[in-house]
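Engineer: Protein chains in written order, with numbering that gives the first Met the number 0: chain A, 0 to 372; chain B, 0 to 288; chain C, 0 to 281.
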Amino acid sequence: MTDQSPYDLEALGVSKNFGSFSAVKEVSFDIPSGSFFSILGPSGCGKTTLMRMIAGFEEPSGGDIRIKGKSVLGTPPNRRNVKMVFQHLALFPMMNVYENIAYGLRCNGASSAEIKRKVHDVLERIALPDVAEREIHQLSGGQKQRIAIARCMVLDPDVLLLDEPLGALDLKLREAMKIELKLLQHQFNTTFVYITHDQSEALVMSDNVAIMNQGEFEQIGTPQELYHHPKTAFVAGFVGDSNRWSGVVKASDSTGGRVETEQGLPMSFSSAGEAAIQEGSKVNIFVRPEFIKTVRANDAGQQADIGDNRRDGSVDSLLFNGANSRILVRTGSGELVEADVTLTGDNDLKPGEDVHLVWSAKQAMCFAEQGNA
Amino acid sequence: MQNKDIKRLSLILLFAPFALWIILLIMLPHIGMVILSLKEKVAPRVYQYSFANYLEFINEPIYWNTLLRTGSMSLLVTALALLIGFPIAYYIAKIAGPRSRGGLFLLCLIPLWVSDLIRAFGWILLLRETGVISNFLLWTGLVGAPVEFLYNDVAVIIGLTYTVILFMIVPLVSTLDGMDNSMIEAGYNLGGNGFTVLRRIIVPYAMPGIVAGCIVTFMLTAGSYLTPILLGGKNSSWFTEQIYNQFITRFNWEGGAAFGMLLLLFTSLVIWLGLKLSGQTLANTEAKS
Amino acid sequence: MLAQNKTTPFLLGYRLYVIAFFIFLAAPLISAGAFAFNDSLFPALPWQGFTLDWFFGDTEPKLGMFHDRRLLQGLYYSFVIANFVAALSVFVGTTNAFLFVRGEFPGKNFFYILMVVPLVIPGVILGISILVLASDTANYVENRYDLELEFLRPGLLLVVLGQFSFIATITSLVITARLKKFDDTMEEAAFNLGASRARVLRTITLPFLRPAMIAAGSVAFLVAFEYFITTLFLVGSLAPLTISMYDRMAKVGSSPVLNAVSFFLMVGSGLLALLSIVVQRD
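1) Report buried or exposed for A/M204, applying the criterion of at least 16 other Cβ atoms within 10 angstroms of its Cβ.
2) Going along the chain, which residues of its own chain have a beta-carbon closer than 8 angstroms to the beta-carbon of C/A2, five neighbours each way excluded?
3) Which residues in chain B sit within 7 angstroms of C/D135, going by Cβ to Cβ distance?
4) Alpha carbon to alpha carbon, how far is C/A272 from B/S36? Give it in angstroms, no decimals.
5) Decide if the region 111 to 123 of chain C is in contact with the region 222 to 236 of chain C; the criterion is three or more beta carbon pairs, one per stretch, under 8 angstroms apart.
6) Bridge partners of A/P374, per DSSP?
7) Cβ of B/G102 less than 7 angstroms from any chain C Cβ?
8) Identify, in the order they occur along the chain, each residue of the same chain with its Cβ nearer than 6 angstroms to the Cβ of C/L148, setting aside the five sequence neighbours on each side.
9) Is there a Cβ from chain B that is less than 7 angstroms from the Cβ of C/G285?
10) State the beta-bridge partners of A/Q184 as determined by DSSP.
11) Output, in sequence order along the chain, the residues in the region 143 to 158 of chain C whose CB is closer than 9 angstroms to any CB in chain B.
12) Under 7 angstroms, do A/V158 and A/D63 count as touching if we go by C-beta distance?
13) If you compare alpha carbons, which of A/K181, A/L202, A/I210 and A/E98 is closest to A/G43?
14) What whole-angstrom Cβ distance do C/A286 and C/A35 have, given they're in contact under 8 angstroms?
15) Within the same chain, show all residues whose beta-carbon is closer than 7 angstroms to that of A/R329, passing over the 5 residues directly before and after it, in chain order.
16) Please find out if some non-hydrogen atom of the ligand MN comes closer than 6 angstroms to the beta-carbon of B/F194.
17) Is C/W46 helix, strand or coil by DSSP?
18) Between A/P156 and A/N207, how many whole angstroms is the CB-CB distance? I'm expecting something under 8 angstroms.
19) If the cut-off is 7 angstroms on Cβ atoms, which residues from the region 235 to 252 of chain B count as contacting chain C, listed in chain order?
20) Along chain B, which residues have their Cβ under 7 angstroms away from the Cβ of C/P117?
21) Under DSSP, the alpha helix (DSSP H) around C/E225 begins and ends at which residues?
22) Going by beta carbon distance, what residues of the same chain come within less than 6 angstroms of B/P170, once the five residues before and after it are set aside?
23) By the 10 Å Cβ neighbour count, where 16 or more other Cβ atoms means buried, how is C/F97 classified, buried or exposed?
24) For C/L15 and B/I94, I'd like the C-alpha separation in whole angstroms.
25) Below 6 angstroms CB to CB, which residues in the same chain sit around C/P42 once its five sequence neighbours on both sides are set aside?
26) In angstroms with no decimal places, state the Cα-to-Cα distance between B/L116 and B/I57.
27) Check the Cβ-Cβ distances between C/F83 and every residue of chain E, and say whether any is below 7 angstroms.
28) To the nearest angstrom, report how far apart C/R198 and C/A219 are at their CA atoms.
29) Taking the C-alpha atoms as reference points, what is the distance between A/N283 and A/T260?
30) Looking at the structure shown, is A/Q277 part of a helix, part of a strand, or coil, going by DSSP?
31) Contact criterion: CB-CB distance below 7 angstroms. Does A/N77 meet it with respect to chain C?
32) Can you find a C-beta in chain C that's less than 7 angstroms from the C-beta of A/Y193?
33) Report buried or exposed for C/S261, applying the criterion of at least 16 other Cβ atoms within 10 angstroms of its Cβ.
34) In angstroms with no decimal places, state the Cα-to-Cα distance between A/S27 and A/G12.
35) Rounded to whole angstroms, what is the Cα-Cα separation between C/F55 and C/D67?
36) In three-state terms, what does DSSP make of B/I156?
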C-alpha cells in the first residue's frame, strides 16, 4: 500500500552549517498539497540556503527533506521533481521562448510531438499563446516572469520554488504580478514555496507564512495569525508596522497586566495567551498605528474613556500617503508615536495641535525581552 | 561522495592540458636552455659545464655593446610609443563618440593583422632611396638628389615604434575605458585645469594600463628580429641578430643559449626595475583581463 | 562631454593629430599593397600603369603570385599550420578558462601568472628553447634506441608547437574574459530542469562561449599564419609563406610579386577579422 502523504513538501529538523556558522538551525515544517507557502525573513536569515537545500544545490548538515513522502536527500538536483524560478529568472538568452520551455522536456527525452503539445498548452495557461517564436530579450518584465514559471510548470513538478522573483520589477508591475501569481497557483494547483523579504508579497499571496530569522522559524501561520497574534517580539516588529516601548512589568496575571515604560508611564496590555509574564521582568510592547485613535485635546471628554491607555502630546508632522496616511505625535515624555489617520482635506489635524492618543490594552502586544531582541 | 570525486577528476582533466603546455613548451625548454648555456665544447663531442659562454659574452665588447644598445633603444621606443600612443588611446576611450569608438579601435588593430614582414617591407618601400618619400621630396623640389632614409637608427626606431605602438594603445584604451568620466569632471569642477587633471587624476588611474603596455612593448621591441635587420641593414646590431648568428650561422648552440638567457635576464631586470619604480606588481597589470 | 572643457582650436589640433596617426598607421600598408598593381619590375616609383600581372601572370619575368610554386606552397603550409595552431589554442584556451574561472586549487594565482608569461617571452627565446629541447630529445633517442624521431627535427610540427606555445595564452585570456561574464544561475536553472552535466555544458555554457572561441580562433589563425621569428628557428625544409617571402627578398631582392602576396594577405586578414566580428554580433 503506497503511503500518499497529504504534504507535498516536508522538512524535518533541517540544518546547514558552513564551518562554525549555522545558516539554518533545525527547521521543520510541512506544506499541504496545493497551497501557497511563503518563507519571509530579512536578508541573511537563511531562507535562500533553505531553498537551495530543497532544490538540491546544497546538502543539509542534518535533518531530512521529503517530497510527497519520500526523502530526497540522495537525489541530485537534476533529478528532483522540485522546479525553481530563480531570482533573476535565468532564462536562456541563446534560445527563444519555445526552446526555453521545451528544455526540460527535451532533457526527459520527450518526443517532438509531445513537446509541441505541452509547450503550447502551458503557453495558453499563462495567457501568452503567441510568443513561442520570440527571443527572450524581446519580452517585457512581466512576460519574462510568466515564461520562467511556464518553463518549470510544463514539467509538472511536485513543488515550485520561487526565489524573490518580483524584486526586479517596478512597483505597479509588482502589485499586478502578486495577483497573477496567486491566480497561477490556483490554476495549476501546484504547491508554491515562495521566499521573500517583502512582507506585503508574503501576506497578500500566501495560505501560510513562515517567518524566518537567523536560521530559525520564529512562527508559522496564516497571514492573519502572524499579524494579529505574533508569538515573538521579532514577528511583531517585522510584520506590519508598530510603535514600540520597553519597560518593566509592574503587575501581571493571566489576562494581562501593567508595565511601567522606560519613560516612567503606565501601560496596560493583554497577554497573548501564553503563560503570564513575571513581574519585574523586562518587556517590549508593540502597538500598531491603526489601533491608536487620535483625539483633539479640545474634543476630549466625549471619548476619553475609549481606551485603557492614553498619551498626551502635540502633532509633530503629517505623513500624507493617500489611504495610508499617518501622523507623528510627540508625547509629553518625548516619545514619537505613529498613528493612522484619514486626511480628508477638510478640518484635518495640523502640526502643533494638542492631541490625546488612546488605545485599548487588547491591542498592546507584550513580549519578554530576549537577550538580543 | 560521488560529487566530490567527479569534481576532483574534472579538475585534473582541466589541469592536464595546461600542465602539458606549460611544462613541455615553456618550462622544460627553458631549463634545457639554461643547461645548454652552461656547456662548453672542450673537444669534439666532449662537453663540460662551465661559464665559458657567459665569459665570452663579457670579454667581447661587441656582444655586450649590442645588448646595451638593444636595451636602450628599446626603452626609447617604449617611451615614444607611450608619448605618441597615450593621446590616441585617450581620444578613443574618452572623446570619440560611441559609434566611432569601435570603428577607431578596430582601425588601430588593422596593422596587427598584417605580418611583421609586410610591415617592414612597407616601410622599406617608403623610406629607401628609390622609395616613396624620397621620390616625393624630389618631386616637390625640396632635395636635389634621392635621399636614403633607411639603414640608420632613426629608421629602426620608426619601424619598431610602428610595430609596437598598438600593444601600448590596447591596454591603455582598456584601462581608460573603465574610468568613470565623472572623476575627470569632478577634477575640473574642483578647479583643476587640463594639465593638473592629467597629472593628478588620469595618469595615476591609468598607471596599471601604462605599466602593462610598457612591459609588453619593451619585451616585444627587445625581442624583435625582422624590423631592426631589414630597416637597419648592416648597422643594425640588434641582439636578436647575435642570437640568430650563434645558432644558425655558427651552429654554436651553447653560445646562442647563453645569449638567449642573457637577453631574458636583461629584459626581466629592466621590467622588474620598472615595476618597482612605478609601484605596480605583475599581478595587477598583466594578469588583469 | 569632456570635449566641452577644452577650447576648440585645441580640439581641432587633437583631431588632426589623430588623423595624422592613422595616416602613419596606414602608410606602409598602402605602399606595400599598392605596388602590387604597378606595371614595373620593381616595387618603386615611377608608376607605370595598372596591372594584375603580379597576381595572375604566368611568364617570366612577371611571374604572378598564383603561378609561383614556391609562394603557393608557402601559402598552403601556412594555412595548414594556422589551422592546427588555432584548433589547439582554442581547445587549450577553453580548458584553461574553465580551470581558472571555476576551479579551486592552491597556488591558483601563481599558475595564472605562469599562463600569461609566454606572452612576455621574446619570440626568439621561445623558438630556440623549443628547438633545443626537441633536438636534445631526438638526439638522445637516436643515440640510445637508434630510433629516428623525424617529427622532433625542425619541421611543421615544431613550427605548430612553437606558435602554439604563446598563442595559447592569447586564446586563454580571450575565452577567460568571456567565461567570467557567465551567469552561473543559468547552469543551475538547467540542472533544475533536469539536464545532465554534459548536457548543460553542451547546450548552455559552450554556446555562450562560442563568440569568444571564434574570436580567439581567428586571432590565433591570423597570428600563426604570419608570425615570423619563432618560426625562423623551427622551420625545416617545408617553409611557410613568410619564410619563403623573406628568402625571396634576401636572395632576389624585392619584387612586386611580394607586394601581390602582401596585398592578398592584407585582404584575407581583413576579411577574416570582419567575419569574426560579424559572428560575434549574434
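Note that the Cβ used here is the ideal one computed from N, Cα and C, for glycine as well.
Note that the coordinates shown come from a computational prediction; the quantities given were computed from them, not determined experimentally.
Structural biologist: The structure says:
1) As a first step, residue 204 of chain A is located in the first sequence; it is residue number 205 there, counting from the start. Classification of A/M204: buried, given that the 10 Å Cβ count is 16 or more.
2) Your numbering for residue 2 of chain C matches position 3 in the third sequence. Low confidence applies here, because C/A2 scores a pLDDT of 47, under 50, leaving its location unreliable; read the following figure in that light. Excluding sequence neighbours, C/A2 sits near L10.
3) Working through the third sequence from its first residue, we reach residue 135 of chain C at position 136. Neighbours of C/D135 on chain B, chain order: G31.
4) Counting from 1 along the second sequence, the entry for residue 36 of chain B is found at position 37. Counting from 1 along the third sequence, the entry for residue 272 of chain C is found at position 273. Taking the straight line from one Cα to the other gives about 41 angstroms.
5) yes
6) With chain A represented from 0 up to 372, any question about residue 374 of chain A goes unanswered, as that position is not in the structure.
7) The residue labelled residue 102 of chain B in the question sits at position 103 within the second sequence. Not an interface residue.
8) As a position in the third sequence, residue 148 of chain C is number 149, starting the count at 1. The residues are A137 and V140.
9) In the structure as shown, chain C starts at 0 and stops at 281, and residue 285 of chain C therefore has no counterpart that could be examined.
10) As a first step, residue 184 of chain A must be located in the first sequence, where it is residue number 185. DSSP output for A/Q184 lists no bridge partner at all.
11) none
12) Residue mapping note: residue 158 of chain A aligns to position 159 of the first sequence, counting from 1. Residue mapping note: residue 63 of chain A aligns to position 64 of the first sequence, counting from 1. Not in contact: A/V158 and A/D63 (Cβ atoms no closer than 7 angstroms).
13) Residue numbering aside, residue 43 of chain A sits at position 44 when the first sequence is read from its first letter. The option with the nearest alpha carbon to A/G43 is A/I210.
14) This structure leaves residue 286 of chain C out entirely; chain C is present only between 0 and 281.
15) Against the first sequence, residue 329 of chain A aligns to sequence position 330. Excluding sequence neighbours, A/R329 sits near G312, S313, D315 and L335.
16) With respect to the ligand MN, the structure offers nothing, as it holds no ligand at all.
17) Working through the third sequence from its first residue, we reach residue 46 of chain C at position 47. It is coil, neither helix nor strand.
18) For this step, residue 156 of chain A is matched to residue 157 along the first sequence. For this step, residue 207 of chain A is matched to residue 208 along the first sequence. About 19 angstroms separates the two Cβ atoms, so there is no contact after all.
19) T239, I242, F246 and W252
20) In the third sequence, the residue the question calls residue 117 of chain C occupies position 118. Simply I25.
21) Mapped onto the third sequence, residue 225 of chain C falls at position 226. Taken as a continuous stretch (DSSP letters only), the alpha helix (DSSP H) holding C/E225 covers L205 to E225.
22) Within the second sequence, the letter at position 171 stands for residue 170 of chain B. Same-chain partners within the cutoff: G208, A211 and G212.
23) Here residue 97 of chain C refers to the residue found at position 98 when the third sequence is read from its first residue. Classification for C/F97: buried.
24) In the third sequence, the residue the question calls residue 15 of chain C occupies position 16. In the second sequence, the residue the question calls residue 94 of chain B occupies position 95. In a straight line, the C-alpha of C/L15 is about 14 angstroms away from that of B/I94.
25) Locating residue 42 of chain C in the third sequence gives position 43, where the first residue counts as 1. These residues qualify, in order along the chain: F34, S253, P255 and N258.
26) Locating residue 116 of chain B in the second sequence gives position 117, counting from the first residue. Locating residue 57 of chain B in the second sequence gives position 58, counting from the first residue. Roughly 32 angstroms between the two C-alpha positions.
27) Here the protein chains are A, B and C, and chain E is not one of them.
28) The residue you call residue 198 of chain C lines up with position 199 of the third sequence. The residue you call residue 219 of chain C lines up with position 220 of the third sequence. Taking the straight line from one Cα to the other gives about 28 angstroms.
29) Translated into the one-based positions of the first sequence, residue 283 of chain A becomes position 284. Translated into the one-based positions of the first sequence, residue 260 of chain A becomes position 261. The straight-line gap from Cα to Cα measures roughly 9 angstroms.
30) Position 278 of the first sequence, counted from the start, is the residue given in the question as residue 277 of chain A. Of the three classes helix, strand and coil, the one that applies to A/Q277 here is coil, per DSSP.
31) Working through the first sequence from its first residue, we reach residue 77 of chain A at position 78. Output row for A/N77: interface = yes.
32) For the purposes of this step, residue 193 of chain A is identified with residue 194 of the first sequence, where counting begins at 1. It does not: the Cβ of A/Y193 has no partner Cβ on chain C nearer than 7 angstroms.
33) Indexing the third sequence from 1 puts residue 261 of chain C at position 262. Label assigned to C/S261: buried.
34) As a first step, residue 27 of chain A must be located in the first sequence, where it is residue number 28. As a first step, residue 12 of chain A must be located in the first sequence, where it is residue number 13. Straight-line Cα distance between these residues: approximately 5 angstroms.
35) Within the third sequence, numbered from 1, the residue matching residue 55 of chain C stands at position 56. Within the third sequence, numbered from 1, the residue matching residue 67 of chain C stands at position 68. Spanning the two alpha carbons is a distance of roughly 9 angstroms.
36) In the second sequence, counting from the first residue as 1, residue 156 of chain B sits at position 157. The answer is helix: DSSP assigns B/I156 an H, G or I state.
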